[in-house]
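Single-structure report; data block below.
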Amino acid sequence: MEKYGGAVTAKTLPVVVETLRQLAELIVWGDQNDPRFFDVFLEKATLSHMLRGLGQRMPVRLQIQLVQTLSILMENLKSEMALFYILSNNHINELISYRLDFSDEDLMANYISFLKTVSLKLNPQTLQFFFNERQNEFPLYTEAIRFYSHPESMIRVAVRTLTLNVYKVEDQAMRKFILDKSAATYFSNLVGFLAAQCARLDGLLAEATHARRGRLQDFTDELLDLFYYLHDVLALGIEQLNQVLTFHLVEYFFAPLLVAAVVQGAPPGQAQADGAAQVQGPPRLSRRLALFLLGEALHVFTHPPLVNALGAALFAAAAGP
C-alpha cells in the first residue's frame, strides 16, 4: 500500500480495496498457520499503513473495506499477541471515532457490525485498549449509543448487544464513567424512544387492517425485545446503574404512560409520537394497549425495586387524589 502514497485516487482505489481484502485473509492465515508471516506484518507496521487514510477524506468504498478488514481481523485472530497488537497504538479507537459517511447504508451496517465484534473482545484485560480513564474517553461505547434510535432495527439491536457486553465487564473506573457521563442521558433517551414507539403502535392499532398486520407484529416484537433488553441490563445486578434505569422507567414510562392510560384511558390513536427524544408531556395511550403492555412488563421484569415501584404506582393511581 505504501507505493500508492497517502492519497487514494479513482485510479488506485480498486487496487487499494483489493489489497486490503487480501491482506485480511493473509494475516488471519498467518496467525493460524505460520507465525512468521504475522511477524512480517508487525515488522512492516502494516496496520499503521492501512489506517493512514484516517487523516484525510476517504472514498466510501475504501471506508467500507477498511471497516470490513478490521472486522475480519478482530473476529478471526486467535493468538493473544496478534489481538493485542491490533488493539494497541489506539488504531481501533481512531477508526471508531473517525467521521465515516453514515449516509451510506452499507457502511453504516458494516460499522455497527464492527463495533459489536469489537465489544465481544471486551474483558478486564482488553478494556485498557478502549477505555482511557485518564482522558475520560470510551469511544466504543459513546459512539455506539448515538445510534440507539436508528431507523434500522438491526442497528438498534446491535447497539443494545454492545452495551450489554460493556456493562458485563467488571471494572469500577469504567462503570463510574458510564454512570457519570452517559447512563442518565442514554436511559432517558431510550425510555423516550420506548414511549414514542408505544404511541406509534397505538396509532397503528386505531387504523388496523389485515394488510397492516405484519407491521403491527413488527412494532409489538420490537417493544417486547426492548423490554427484554432492559430486563437483561437490570439482571446484571449493577446497583447504581439499576437505580438510574429504574427511576427513568417508572417516572417517564410506566407511571405517566401506562398506568395513567389504564386509569384514565384515551381513545385509540390519540397518542402522538414525539420522535426518539425524551417525551415532553407524555402521550395518552388507549387502555387496551396500556393493559397489554403492563401485562407483558410484569411478565418480563423481575427486578424487585422496579416491580414494587410499578405496583405502588398502580395502587396510587387507582386510589385517586
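In terms of my numbering, the sequence shown opens at residue 8 and continues consecutively. In this text, a Cβ means the ideal position worked out from N, Cα and C, and glycines have one as well. These numbers come from a predicted model, not from an experiment.
task = Assign Glu101 to one of three DSSP states: helix, strand, or coil.
result = As a first step, residue 101 must be located in the sequence shown, where it is residue number 94. It is helical.
inquiry  = What would DSSP say about Asn143, mapped onto helix, strand or coil?
reply    = Locating residue 143 in the sequence shown gives position 136, where the first residue counts as 1. In this structure, Asn143 counts as coil in the three-state DSSP scheme.
task = Pick helix, strand or coil for Gln132, following the three-state DSSP scheme.
result = Taking the first residue of the sequence shown as position 1, residue 132 is located at position 125. Looking at Gln132 - three-state DSSP - the assignment turns out to be coil, as it is neither helix nor strand.
message = Along the chain, where does the alpha helix (DSSP H) containing Gly318 start, and where does it finish?
response = Reading the sequence shown from its first residue, position 311 is the one you call residue 318. For Gly318, the enclosing alpha helix (DSSP H) covers residues 311-326.
task = May I ask you to report which of helix, strand or coil DSSP gives Lys24?
result = Taking the first residue of the sequence shown as position 1, residue 24 is located at position 17. The amino acid at residue 24 is misidentified as Lys; the sequence shows Val. For Val24, the three-state secondary structure derived from DSSP is helix.
inquiry  = Count Cβ pairs between the segment 190-205 and the segment 224-237 that sit closer than 8 Å; are there 3 or more?
reply    = Because the criterion of three Cβ pairs below 8 Å is met, the segment 190-205 and the segment 224-237 touch.
ask   = If you compare alpha carbons, which of His306, Asp187, Ala151 is closest to Leu171?
value = As a position in the sequence shown, residue 171 is number 164, starting the count at 1. Among His306, Asp187, Ala151, the Cα nearest to that of Leu171 is on Ala151.
ask   = What is the rounded straight-line gap between the Cα of Val74 and the Cα of Glu229?
value = For the purposes of this step, residue 74 is taken as the residue at position 67 of the sequence shown. For the purposes of this step, residue 229 is taken as the residue at position 222 of the sequence shown. The alpha-carbon atoms of Val74 and Glu229 are separated by roughly 28 Å.
Check: Pro66 C-beta below 6 Å from any heavy atom of the ligand NAP = As for the ligand NAP, it is missing from this structure, which has no ligand bound.
query = To the nearest whole angstrom, what separates the beta carbons of Leu107 and Ile93, a pair I think is in contact under 8 Å?
reply = As a first step, residue 107 is located in the sequence shown; it is residue number 100 there, counting from the start. As a first step, residue 93 is located in the sequence shown; it is residue number 86 there, counting from the start. With 8 Å as the limit, Leu107 and Ile93 do not qualify as a contact, their Cβ atoms being about 19 Å apart.
ask   = Can you name, in chain order, every residue of its own chain whose Cβ lies under 6 Å from the Cβ of Leu301, other than the five neighbours on each side?
value = One-based indexing of the sequence shown puts residue 301 at position 294. A distance below 6 Å between beta-carbons, with the five flanking residues on each side excluded, links Leu301 to the following residues of its chain, in chain order: Leu265.
request  = Confirm, please, whether the CB-CB distance from Tyr155 to Val166 is below 7 Å.
outcome  = Counting from 1 along the sequence shown, the entry for residue 166 is found at position 159. Counting from 1 along the sequence shown, the entry for residue 155 is found at position 148. Annotated as proximal: Val166 and Tyr155, with beta-carbon spacing under 7 Å.
inquiry  = Going residue by residue through the segment 237-275, where are the continuous alpha helix (DSSP H) segments of at least 4 residues, counting only ones entirely within it?
reply    = Secondary structure within the segment 237-275: the alpha helix (DSSP H) runs of 4 or more consecutive residues, fully enclosed, are 246-256, 267-271 (chain order).
query = Does DSSP classify Ser86 as helix, strand or coil?
reply = Counted from its first residue, the sequence shown places residue 86 at position 79. The answer is coil: DSSP assigns Ser86 none of H, G, I, E or B.
task = Return the CA-CA distance between Asn143 and Ile103, expressed in angstroms with no decimal places.
result = If you number the sequence shown from 1, residue 143 lands on position 136. If you number the sequence shown from 1, residue 103 lands on position 96. Going from the Cα of Asn143 to the Cα of Ile103 covers about 16 Å.
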